[in-house]
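Peer 1:
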Amino acid sequence: MTLFPDVVGDMLCESILGRAQERGIIRVDCHQIRDYTLNKQKQVDNYPYGGGHGAVMQADPLYQCWNHICQEAGERLHTIYLSPAGTVFQQADAKRLQRDYQSLILVCGHYEGIDERFIEECVDEEISLGDFVLTGGEIPAMAVADAVCRLVPGVLSDAACFTDESHWDGLLEYPQYSRPEVWHDRRVPPILLSGHHANIAKWRRKQALIRTRDRRPDLYQKLDLTSKADQKLLKEIALEEQNS
1 MTLFPDVVGD MLCESILGRA QERGIIRVDC HQIRDYTLNK QKQVDNYPYG GGHGAVMQAD
61 PLYQCWNHIC QEAGERLHTI YLSPAGTVFQ QADAKRLQRD YQSLILVCGH YEGIDERFIE
121 ECVDEEISLG DFVLTGGEIP AMAVADAVCR LVPGVLSDAA CFTDESHWDG LLEYPQYSRP
181 EVWHDRRVPP ILLSGHHANI AKWRRKQALI RTRDRRPDLY QKLDLTSKAD QKLLKEIALE
241 EQNS
């Protein structure tokens, strides 16, 4: 649900998500909220009660759009409002939304926000991208849609495409390299050229641990590193850093 369906539609119809839509694995429909107004001017906003700057999106155009979507679906769909006052979106939320819901409605606000009565009646949860404010909900909605849709089976070629990535299991992803072997006098780590898959996996795990520890200590503190394999890696890391 947006005031700018062409922008959102164009973005989500490109690359991986675009191909997934062409194959019928996922479907993204963008609904122009103005099409559901009951006034000739297609007005969707008005001055806020109580005074203040800007305008507020009115409840009824949002409701008419939301109700139309639910009627088409034949059920009340889980509805998310993208709001700076929402819970900060995490990878765990992407997993949950993909697992628990067949369809989602993402509501993109604008101006000073949307009428609270629509939120109370129709919205199931509010999601934020972080502690900052954007001019509208389209960018957060596209981010949430991308994060959720890429987890749908068949969208990516293999589950490892996302299970090996940052945040899937609480770790940041290890460094990645591609050809050429030497670029600007910087060489690819020799272990990655060895063809020894077990050693490569060990190196990647070690690098992921170091990167998470150094860049996101908040995530690192939550990791369960009690396994014998991880304890051994931690000792190796400490020894290597001591000798470097």
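So in UniProt numbering, spot 140 of the sequence shown is number 140, and the numbers just go up one at a time. We treat Cβ as the ideally placed atom computed from N, Cα and C, and that holds for glycine.
#1: With a threshold of 6 Å on Cβ separation, who are the neighbours of Trp66 within its own chain once the five nearest residues in sequence on each side are excluded?
#2: Thinking C-alpha only, which one of Gln21, Ala208, Lys222, Pro217 is nearest Leu233?
#3: Leu104 bridges to which residues according to DSSP?
#4: According to DSSP, simplified to helix, strand and coil, what is Ile173?
#5: So what does DSSP say about Gln221, is it helix, strand or coil?
#6: Drop a sphere of 10 angstroms on the beta-carbon of Glu138, count the other beta-carbons inside from all chains shown, and report buried for 16 or more, exposed for fewer.
#7: To the nearest angstrom, how far is it from the Cα of Asp60 to the Cα of Glu181?
#8: According to DSSP, is Pro153 helix, strand or coil?
#9: With a threshold of 16 other CB atoms inside 10 Å of the CB of Pro153, please say whether the residue is buried or exposed.
#10: What does DSSP give as the partner residue(s) for Asp45 in the beta ladder?
Peer 2: From the atom records:
#1: Cys122
#2: Ala208
#3: His78
#4: Here residue 173 turns out to be Glu, not Ile, going by the sequence shown. In the structure shown, Glu173 sits in coil (DSSP, three-state: anything other than H, G, I, E or B).
#5: coil
#6: buried
#7: 59 Å
#8: strand
#9: exposed
#10: Met57
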